[in-house]
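Visitor:
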Amino acid sequence: MTISYLRYSLFTKMERKRKHSFDNEPSEKKFKEDDHPDNFGSSYSSAAQRMMSKMGYAKGKGLGKNETGRVNIIEASNQRGRRGLGLKLDGLDAKPDASWEVEEEIMVRQEPDWVPKSELDMPNASEMRNWMIEADRKEFITDEYEFCEPDILDGIIKNKNVFDKLGQKEFLHARTRANPYETIRGAIFQNRAAMKMAEIDASFNYMFTNHIERDLNNPLDLLYFADICAGPGGFSEYVFWRSKWRAKGFGMTIKAEWANDFNLADYIAGTPESFDCFYGEGGYNGDGDIFKKENLIAFRKYVLENSDNKGLHFVMADGGFSVEGQENIQEILSKQLYLCQFLCALSVLRKGGHFICKVFDLFTPFSIGLVYLMYRAFDQICIFKPVTSRPANSERYLICKDLRENSGAIHDYMFNINNQINNLKRTKRDIQEIVPLSIIKESKEFFHYMFTSNNSIGARQILGLQKVARFVQNTNLTGPDHAVVRKQCLEAWKIPLIARSSPPKNDPDVQFEKLMKDSSTEWMSKNSEFFDLKALKRIKSVYDYKFTVSGGKRVFLFSLGRHNIFKWDPAEHSYPDWKRADKMNLELPRFTLIDVELLNEFKGDGRGQRKMFAVHILDAVYLGDEYVGDKAFSDRIKCCESFVKALSKPCRNDIVPIQIKSYYALTDLEKTFKSMEIRHMKPHLIKRLTYNVSSEKYFVPTGLYLVERLQEPWHLQKTRSSNKFYFYNAETKESVFEGTKDSIANVKYCISRRMLWKWDEHMGLDLLATKGDEVSIAGFYAFINEKS
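Per UniProt numbering, the very first residue in the sequence shown carries number 1; after that it's consecutive.
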């Protein structure tokens, strides 16, 4: 053995020396192949031959006294990864000459293949009551041939089993090279899930992020959605990137050591500030377990209460968990997850709402029954395998379009199924069927679609598994140019071809200057003019003005994202002087610039009175990175109302509430005053006038802001005959019923001309008391009545 080893080492050293010589010597000096002692296909120098000869080497004979040494060159090791020497894997052992010659179409956009619309009426509760079948728990799917060709199911299982003993590193390396879409990864988003949603949304003509069921009469209507079982939240990051803060999201995912919670810090491409995490019973502090009926009920209640009781435009579900070592029964292990995601979606969607859910294999009667129920609940359904979903896995997505009316019976049936599954968990029994096979087969178009879909996706999976196996065998195999495929896909899905990066957290002064584009900010530093008798006489039309109740300190807030918020008090500094807003647990989208009041709100009366800090928006320049300063005053206020609704998180007591000021016409002044109440305020239970923000909250008013909502020389007047408003130009004497562009009072105009009617500390106890040029309540009432 020693001699053989020395011979091998010597050959190796001489080979390295020979190759170095060949690379540096002229071609005419290179040795011929025949010069090699054994014609092994390589040439050695005469010095090497002399050394071998001294060791007793003779052509065709081994070294050593008895010529028992190895004659042939020792082959290079075929050992891979951490398999262990001697371990052979059928179908995966090294074959350097292995090739992959199957032509594959590079698809960047797939056309959806919908199940033909069902003409059946919605099933009712009595019809479904006897559909559920209980049986012994089943833990294999090898005989589930009802909804696919036997060769497909057998082929999937057989090709999966090939990889059972392969090391993970080796498998991942081969899969990366074999999958032409692998380097798409997350692009500008946090993970691959986001890119799957981007591809699906594009393939379905953006039916999710551009939902046609949004209120077309109200362009400011929010896009309501939910992301369930989907931590860390790639789906939501994509939606927020596409829709910004105008999308309001609700999230529920399980809280467990093995699971990913929503990681809002990684939503750097979107606006996580309008994402509301709610984990079922217990609210923000719940466990998020979607299998629990209490969590399903609590989530439904919370979502409906915070979506104007209309429900959501769409629901996304991307649930999954590790099934390592049990890949062949992933469908059985995931059956309750399928069920509860479907159930949760039905509970919170509005009529016309959409649903997307990740599923895996769909071979068992239970899974097919679930899809059938969704087929009956929605106008259209589709099974879709995006190219961003690796071809070698069984993952696919159920897409459901336009929830039908009266789907409540299906929801209630699923709810009962889940309760029964939970009841049977500690037994050997389980729910095996939820829709009779006869009923499924009666729906011939549905049955044919599911059978064909399983065969088609199964065949693609088998091909994908075989390709990975071939790439394991030959580590030199390569597929299409990944960079080219990535570029084509991102362009087709309208995703920018840039690297993912966190937004810069520069000095707020620098970012503010960039945002304002070097325009003058003098109008921002101007303090509100005090409203007195002189100002009152300048009012030409009482209809030109709106008022709101003041009760705190006015400042500007500027956000660089989430809690990274700065404030500037124009009363203290005439130039923008941004200071971090410490002790203000508030979240605002990046590049939000708003004019606000900081004040204390109260709940309760007397000794039970509680105080809380609040932020009230007076006006807005930027909401997120959207400039709203050029809009009419009423439109800016509507934008702010949507903005506040998007940011609302009622389950978070730790976050400072933000809301828009309520503005009224001057003709409503008397009614507003009469709605105010005298309350005893802590700590000395002094009587103070209070203004109700809601049925529970109130604050102590300190004055009124008067905002001029039309730009001079335009004024708002009312016809005497029909009491219809019209716009009047005092210079040109022109009268029109529709406002013109030059009549719009932008944010600069409104803030710079805003007036403050400031009250004494104890205003309200003696409303008629005035001094000097101060305006009295009675005097203001008389003026308004005269001018209206």
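Backbone N, C-alpha and C fix where the C-beta goes; we use that ideal spot for every residue, glycine too.
These numbers were taken from a predicted model, which means no experiment stands behind them.
Which residues in the same chain have their Cβ closer than 6 angstroms to the Cβ of arginine 137, if we skip the five residues on either side of it in sequence?
Guide: Closer than 6 angstroms at the Cβ level, and outside the excluded window around arginine 137, lie Lys428 and Asp430.
Visitor: Would you call the CB atoms of serine 243 and glutamine 110 closer than 7 angstroms?
Guide: Not closer than 7 angstroms, so no.
Visitor: Give the DSSP-derived three-state secondary structure of glutamate 28 in the structure shown.
Guide: Note that glutamate 28 has pLDDT 38, beneath the 50 cutoff, so the model's placement of it is unreliable and no number is given.
Visitor: Rounded to a whole number of angstroms, what is the C-alpha to C-alpha distance between alanine 47 and glycine 56?
Guide: If I take the Cα positions, the gap works out to 15 angstroms.
Visitor: Could you round the C-beta distance between glycine 280 and glycine 288 to whole angstroms and report it? I think they count as a contact, below 8 angstroms.
Guide: Going by Cβ atoms, the distance from glycine 280 to glycine 288 rounds to 6 angstroms, so yes, they are a contact pair.
Visitor: What are the start and end residues of the alpha helix (DSSP H) that includes serine 642?
Guide: Note, serine 642: alpha helix (DSSP H), 633-647.
Visitor: Might you give, ordered along the chain, the residues of its own chain that have their beta carbon closer than 8 angstroms to the beta carbon of aspartate 151, omitting 5 neighbours on each side?
Guide: Hits under 8 angstroms: none found.
Visitor: Between the Cα of lysine 758 and those of Arg652, Leu477, Asp532 and Val656, spot the shortest distance and give me the residue it belongs to.
Guide: Nearest of Arg652, Leu477, Asp532 and Val656 to lysine 758, Cα basis: Asp532.
Visitor: Could you tell me the alpha carbon to alpha carbon distance between arginine 562 and phenylalanine 530, rounded to whole angstroms?
Guide: Spanning the two alpha carbons is a distance of roughly 35 angstroms.
Visitor: Cysteine 357 and tyrosine 413 look like a contact to me (Cβ under 8 angstroms); what is the Cβ gap, rounded to whole Å?
Guide: Not really, about 18 angstroms apart at Cβ, beyond 8 angstroms.
Visitor: Could you tell me the alpha carbon to alpha carbon distance between cysteine 639 and valine 628, rounded to whole angstroms?
Guide: The alpha-carbon atoms of cysteine 639 and valine 628 are separated by roughly 8 angstroms.
Visitor: Taking only three categories from DSSP, how would you classify glutamine 432?
Guide: If DSSP states are grouped into helix, strand and coil, glutamine 432 belongs with the strands.
Visitor: Could you please give the first and the last residue of the uninterrupted beta strand (DSSP E) stretch that includes lysine 485?
Guide: One detail in the question is off: residue 485 reads as valine in this sequence, not lysine. From DSSP, valine 485 is part of no beta strand (DSSP E) but of the alpha helix (DSSP H) over 482-492.
Visitor: Indicate whether the contact test is met: 3 or more Cβ pairs, each with one atom in the segment 322-330 and one in the segment 399-408, closer than 8 angstroms.
Guide: No: the two stretches stay apart, fewer than three of their Cβ pairs being nearer than 8 angstroms.
Visitor: What does DSSP give as the partner residue(s) for valine 315 in the beta ladder?
Guide: Ala226 and Phe355.
Visitor: Skipping 5 residues on each side, what residues in its chain have a beta carbon closer than 7 angstroms to that of aspartate 577?
Guide: Cβ neighbours of aspartate 577 beyond the five flanking positions: Trp568.
Visitor: Following the continuous alpha helix (DSSP H) through serine 307, name the residue where it begins and the one where it ends.
Guide: No alpha helix (DSSP H) holds serine 307; DSSP gives it neither H nor E.
Visitor: Going by the beta-carbon positions, is the gap between cysteine 750 and phenylalanine 591 smaller than 7 angstroms?
Guide: Result no, Cβ atoms of cysteine 750 and phenylalanine 591 do not sit closer than 7 angstroms.
Visitor: According to the Cβ coordinates, are residue 798 and isoleucine 228 closer than 7 angstroms?
Guide: Absent from the model: residue 798. The displayed extent of the chain is 1 to 788, so no value can be given.
Visitor: What residues in its chain sit with their C-beta under 8 angstroms from that of aspartate 544, if we drop five residues either side in the sequence?
Guide: The residues are Glu708, Arg709, Leu710, His715 and Leu716.
Visitor: For asparagine 295, which residues from the same chain have a beta carbon less than 8 angstroms from its beta carbon, with the 5 sequence-adjacent residues on both sides left out?
Guide: So the qualifying residues of the chain are Met252, Tyr279, Gly280, Glu281, Gly286, Asp287, Gly288 and Asp289.
Visitor: Assuming contact is defined by CB atoms lying nearer than 7 angstroms, are glycine 464 and proline 180 in contact in what I supplied?
Guide: Not in contact: glycine 464 and proline 180 (Cβ atoms no closer than 7 angstroms).
Visitor: What are the residues that DSSP puts in a beta bridge with aspartate 619?
Guide: Paired residue(s): Asp595.
Visitor: Using DSSP with H/G/I as helix, E/B as strand and the rest coil, what is threonine 176?
Guide: Threonine 176 falls in the helix class under three-state DSSP.
Visitor: So, at 6 angstroms on beta carbons, what are the nonlocal neighbours of asparagine 306 in its own chain, with the 5 sequence-adjacent residues on each side left out?
Guide: Cβ neighbours of asparagine 306 beyond the five flanking positions: none.
Visitor: At the level of alpha carbons, what is the spacing between glutamate 101 and lysine 467?
Guide: In a straight line, the C-alpha of glutamate 101 is about 10 angstroms away from that of lysine 467.
Visitor: Are the beta-carbon atoms of leucine 588 and isoleucine 565 separated by less than 7 angstroms?
Guide: In this structure, isoleucine 565 lies closer than 7 angstroms to leucine 588 by Cβ.
Visitor: What are the boundary residues of the alpha helix (DSSP H) that cysteine 344 is part of?
Guide: Element bounds for cysteine 344: 335-348.
Visitor: Could you check the C-alpha separation between alanine 782 and aspartate 668 for me, to the nearest Å?
Guide: C-alpha separation (whole angstroms): 13 angstroms.
Visitor: Among Pro123, Met132, Met52 and Asn729, which one has its Cα closest to the Cα of isoleucine 421?
Guide: Nearest C-alpha to isoleucine 421: Met132.
Visitor: Indicate the three-state DSSP secondary structure (helix, strand or coil) for leucine 424 in the structure shown.
Guide: Note: leucine 424 maps to coil in three-state DSSP.
Visitor: Does the distance from the CB of aspartate 221 to the CB of threonine 209 come in under 7 angstroms?
Guide: Not a contact, by the Cβ cut-off of 7 angstroms.
Visitor: How is asparagine 692 classed by DSSP in three states: helix, strand or coil?
Guide: Correct three-state label for asparagine 692: strand.
Visitor: In the DSSP assignment, find the unbroken alpha helix (DSSP H) run with histidine 448 in it and report its ends.
Guide: Unbroken alpha helix (DSSP H) run through histidine 448: 444-473.
Visitor: Buried or exposed: glutamate 67, going by 16 or more other Cβ atoms within 10 Å of its Cβ?
Guide: With fewer than 16 Cβ atoms within 10 Å of its Cβ, glutamate 67 is classed as exposed.
Visitor: Between leucine 312 and valine 303, how many whole angstroms is the CB-CB distance? I'm expecting something under 8 angstroms.
Guide: The Cβ separation is near 7 angstroms, so the contact holds.
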